[in-house]
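The numbering of the sequence shown is UniProt numbering, which starts it at 1 and goes up by one.
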Amino acid sequence: MAHLLGIGKKRDEYELGFDSPTMDLKESENSRFMVSNVHDNPAFEDSPIDDDEDDPKSSEHLDHHTTYIKTLQRLTREVLPHMDLYRDARDVHRLSRPSLDELRQHETVIGKKRKSIHGGIDDGGVKFGWIIGVMIRCLLNIWGPIMFIRLTYIIGRCGIIQALLVIALSDVIVVITGLSISAISTNGLVKGGGTYYLISRSLGPEYGGSIGLIFSFANAMAVAMHTVGFAESLKDMLKKLGLFIVDADINDMRIIGCVTACVLICIIMIGMEWEQKAQVFLLVVLLVAITDVIVGSFLPTDEEKGWGFVGWSSDVASKNLDSDYRGDSFFAMFSVFFPATTGILAGANISGDLKDPSKAIPRGTLLAIVLSTITYVLFVIIAGCTVYRDATGSFEDYLNGNLTYCPTPDSCKFGLQNNYQIMEVISANGYLVYAGCFAATLSSALACFVSAPKIFQALANDKIYPGLEWFGKGYGKGNEPIRSYLLALLIAVVFILIADFNIIAPIISNFFMAAYCLINFACFHAALAKSPGFRPGFRFWNMWVSLIGALLSMAVMFIMNWQTALGTFFICFFLYLYLIYKKPDVNWGSSQQAITYQSALKAVQELVQVEDHVKNYRSHIICMTGPVHSRPALLDLGYLITKHIGLLICGQIIKKPPTYRERQEIAKNAQIWLNERKLKAFHTIIEDTNLAHGAKALFQAAGVGKLKPNMLLMGFMNNWQNRSAEEITEYFDTIHVAFDLHLAVGILRVEQGLDFSQFTNTESVNTGLINGKPPMNREVSALSVISTASSNNSMTIDIEKAINNNPAGKSKKKDKNKEDKAKKEPQPPVKEIPKEVLKNIDVFRSNPDNKDKGTIDVWWLYDDGGLTLLLPYIFTTRKFFNKSHLRVFSLGNKDHEIDQQQLNLASLLGKFRINYKDVTVLPDISKKPKEHSIREFELLVSKFRQQENNPDQLNDLTISENEYHAMQTKTQRYIRIRELLLQHSRNAHLVVVTMPLPKKNRVSAPLYMSWLDTLTRDMPPTLLVRGNQTSVLTFYS
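Shown next as structure tokens:
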């Protein structure tokens, strides 16, 4: 057995899955467990897979011929668990596992790596760990210009206590958001796009797309804010040295800011590796500056004492303890400070450049929050305990005790309230603080300059906004978004020209607060959906804490500046509505989908507990369409009944059992067609060679709980006299099956027929303007093609023909280059559908040219529970029939009571609250039909009547003499009704007639079909309806 286990063999001979002790990780990735490697190995190209793994002879052969040791792959088609089998369909490293059909059938199909849809495997350029990629980046962004040039201003306004409250409130929001980010980012592989990626993949494209655009814009604005901070510090330093560019004021800041932005973009465009090196250098400078401030707080000079910096003093601390807003407010100061905390997303925003985002983002982000909070609290204590709010600037005043005496607002130009550069005064060496301020501003600007284009590139590549794809193109090894960089530069320059830090900061605060709100809500929503797919690796979070964070972020948005918050809200809402309308063609498995599923499941379960009541009756229709595109008019009429109130299921009976792939293709194509035609319906397939048997299975299996079909809708079998006995019998039996299951039945007949598959099942058809809209694009038109059976109204389909004739049945996954080439090639000429055919296809859809809708004639011949009356009423509530009037016809019982019967019927309609134009009770229903009408009927059934002296003729399609004479009275009644229909309803827009009820074992298929033919031939669109004898109308409130 030793040789079977591979002992003493080379690594390549460890065929049965036992790892070599010396095999390293790289080798294990290329081991025999990798299906593609086995398949690609030339040694096995001509070796068939042995399926007889349970065959004793095979085992004996293996034992006796050990020189031909088989791999696990050659012993079975099964594959072992591997990460690459679970990758996204678009991932270049994905492996395909064998399907059930491949495992169960005698075919050799081995999974291979799929080719990249982008044309190759991208190594992704430089990848960063959690310290350099996240923690340092977040710290540099948090330790921004606010720490050096605005924190002392905030302390002066708020005082020590409220300044710490500002930091605490900010920390509450960012810590909760950090926990939510950690939970979402550890729930699977995180790709490029940062915050946008996290929100869009959690909440869906509608939320992600709306906030992604704003968040990318906010990061570009943050570049301007940090650059303006740098320009302000540099201007003050130059002014201190007696130097300036133009005016030592705002124009100098604009020039410095624009030049700085251009230099930063050049550094970034060289590559992320150089940008990261610059960040490390700036971090060192920043740490030196922070140390310089701490040390300098103990070393005030005489000149600095005149400027208000007197060193550690209890008197200073007591005076700075309370607030002194001077026209500002707590939340105004909060809005100035909060942009500092936006740096917590700096690491997440470059998630595509991280080695392991799911580990790096939680570790780096949370540690950066802790370290930055300690730093800010320390700076508040240092500045609040060492510097007065106001100072005259004179050392003599300090000695005389008049340092803080300011009789006029302009008499004190120093102190926390008046000097943005007070940190430079506190420091041991002012130039080091200037260097630290420059490092803080430039590092933050660099981080935002990277974040904004990366987010925008991910947004563009997702193609949820038209026209943005141009910005998604990447260049070089790192897939750098050069075009997005230039767009970010343009936005930054526009806001740099404002050159006012205090104006830019509150706007950014609102945008980032909206992002925080959605990040927390995304985490809460994902947990609320209770989807099995939401399994964060990070455990220290709670869904209700995330909800509190979302609500707190929204509340603070409006408290800071309700006008800006309202503007942010409306922009997000507009983008959200746009994406809801556009419905991006993406499927990310969002929590929105999970909530939809959960809500639907809960509603269906609750519906089971609701008892049926006539007032809550709704028609749930199963429509026998065959392939959905074959009978558009039939589906349109069904949708007119069920729109917003009922269930519509398209039933399709397939003769030949399809494979799983074929079934999936048919279902997918059907749903695409329904979506293109804007019909809210479901599609169900049943396999059976017999229409009636398949229909019975379909009627019993369709639906769930109370959402089950209660009505069958099918088309009339045109030219039924020339059909085979099997077709006629199956059609007739289907009606019996529906009544056996107590379903209502509706049969629609349109003079031109209902089956338009000859026009809708070819790729070279231009459907013109169906429903007043342009035709579907070629790709969708091709997808909606499924060949039907050759018979005009057959409701079954030969699956082999369907797939072979259907372009969608073939693989649609083509190489992008081939698609581009196909677009450039000349297209074949398109066959136009005749206008008359288009009119017939859209016979029940909106037609703006048809202003007069005529009448809907209701022939309520027998009481069937009121369905014959209810359906026409529903039609009048639809846009297509809203100008039509109801005319109700009924049969008279006694000729001398016709007037009273008419009044009774009108009274009943009034109690049912159904508006009508006319009510007519027909008095002469028992009158014998005209001779020519009788001859027409006899000619219709002559082919099926039993010939005299020929008893052997009797079969399923024979009308015996006994049957013919037994049903003669009923037959003459229907002939008479036909005469009345032609007399009164020949010009109606739609005719609804109570359908004759076939008695089992007494009425043959041809006789019943002749009755239906008699009632509907040469008529406007006619719907034969028969309820299940259960009331669907009531006059009780």
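Think of the CB as a built atom: it goes at the ideal place given N, C-alpha and C, for glycine as much as any other residue.
Beta-carbon within less than 6 Å of F756's beta-carbon, same chain only, minus the 5 sequence neighbours each way: which residues are those? Here the set comprises I841.
With the cut-off set at 8 Å, would you say R845 and F880 are in Cβ contact? Cβ atoms of R845 and F880: closer than 8 Å.
In whole angstroms, what is the alpha-carbon distance linking I374 and T441? 19 Å
Quick check on P532: buried or exposed, where buried means 16 or more other Cβ atoms within 10 Å of its Cβ? It is exposed - the Cβ of P532 has fewer than 16 other Cβ atoms within 10 Å.
Can you give the Cα-Cα distance for R1026 and P872, rounded to whole angstroms? 13 Å
Limits of the beta strand (DSSP E) - the one that I685 falls within: F682 to E687
Just list the residues that DSSP pairs residue 1040 with in beta bridges. In the structure as shown, the chain starts at 1 and stops at 1037, and residue 1040 therefore has no counterpart that could be examined.
To which residues does DSSP link G746 through a beta bridge? L713 and V1025
8 Å CB neighbourhood of W312 in its chain, flanking five on each side removed: The answer, listed in chain order, is S297, F298, C385 and T386.
How many Å lie between S764 and Q758 at the Cα? Caution applies to S764, whose pLDDT of 31 falls short of 50 and renders its modelled position unreliable; the value that the coordinates give is listed next. Between S764 and Q758, the C-alpha separation is close to 11 Å.
Below 6 Å CB to CB, which residues in the same chain sit around S394 once its five sequence neighbours on both sides are set aside? Within the same chain, and ignoring the five residues on either side of S394 in sequence, the residues whose Cβ sits closer than 6 Å to its Cβ are G306.
Between G415 and G159, how many whole angstroms is the CB-CB distance? I'm expecting something under 8 Å. At roughly 13 Å, the Cβ-Cβ gap does not stay under 8 Å, so G415 and G159 are not in contact.
Classify H885 as helix, strand or coil using the three-state DSSP reduction. strand
Which value, in whole angstroms, describes the spacing of the CA atoms of L1012 and R618? Going by the C-alpha atoms only, they are around 26 Å apart.
Excluding the five sequence neighbours on either side, which residues of its own chain have a C-beta within less than 6 Å of the C-beta of A220, listed in chain order? A452, A488, I491 and A492
Going by Cα to Cα distance, which pick from D924, L869 and A681 is closest to H896? The option with the nearest alpha carbon to H896 is D924.
Pick from R661, E102, A168 and E730 that is closest to N690, judged by C-alpha positions: E730
Compute the distance between the beta-carbons of V285 and A435, then report whether it is under 8 Å. yes
Which residues in the same chain have their Cβ closer than 6 Å to the Cβ of A695, if we skip the five residues on either side of it in sequence? In the same chain as A695, and ignoring 5 residues on each side of it, the C-beta atoms closer than 6 Å to its own belong to T734 and V737, in chain order.
Please go through the same chain and pick out, in chain order, the residues whose beta-carbon is closer than 6 Å to the beta-carbon of H885, but skip the five residues on each side of it. T855 and K917
Please state whether DSSP places T408 in a helix, a strand or coil. coil
Who are D857's beta bridge partners in DSSP? R887 and V991
With the cut-off set at 8 Å, would you say Y207 and I199 are in Cβ contact? Yes, they are a contact pair.
Terminal residues of the continuous beta strand (DSSP E) containing Q652? L648 to I654
Beta-carbon spacing of L905, L980 below 8 Å: Result no, Cβ atoms of L905 and L980 do not sit closer than 8 Å.
Have a look at R1017 and L869 and give me their C-alpha separation to the nearest angstrom. Separation of R1017 and L869 (C-alpha to C-alpha, rounded to the nearest whole angstrom) is 22 Å.
What span of residues does the alpha helix (DSSP H) with M1019 cover, start to end? First-last for M1019: undefined, no H or E at that position.
Name the two residues that bound the continuous alpha helix (DSSP H) containing M423. I422 to I426
Using the rule of at least 16 other Cβ atoms within 10 Å of the residue's Cβ for burial, across every protein chain shown, is Y639 buried or exposed? buried
Return the chain-ordered list of same chain residues with a C-beta closer than 6 Å to the C-beta of L497, the five sequence neighbours on each side being excluded. Hits under 6 Å: R254.
What does the alpha-carbon distance come out to for the pair Y420 and D249? 14 Å
Is G364 near V134, with beta carbons less than 8 Å apart? yes
Given a cut-off of 8 Å, decide if L754 and A565 are closer than it, judged by their beta-carbon atoms. no
Roughly how many whole angstroms lie between the Cα atoms of V310 and P300? 6 Å
Can you round the beta-carbon distance between L468 and A458 to whole angstroms, since I take them to be within the 8 Å contact cut? Going by Cβ atoms, the distance from L468 to A458 rounds to 11 Å, so no, they are not a contact pair.
Write down the C-beta distance between Y516 and S553 rounded to the nearest angstrom, noting that I regard them as a contact closer than 8 Å. 5 Å
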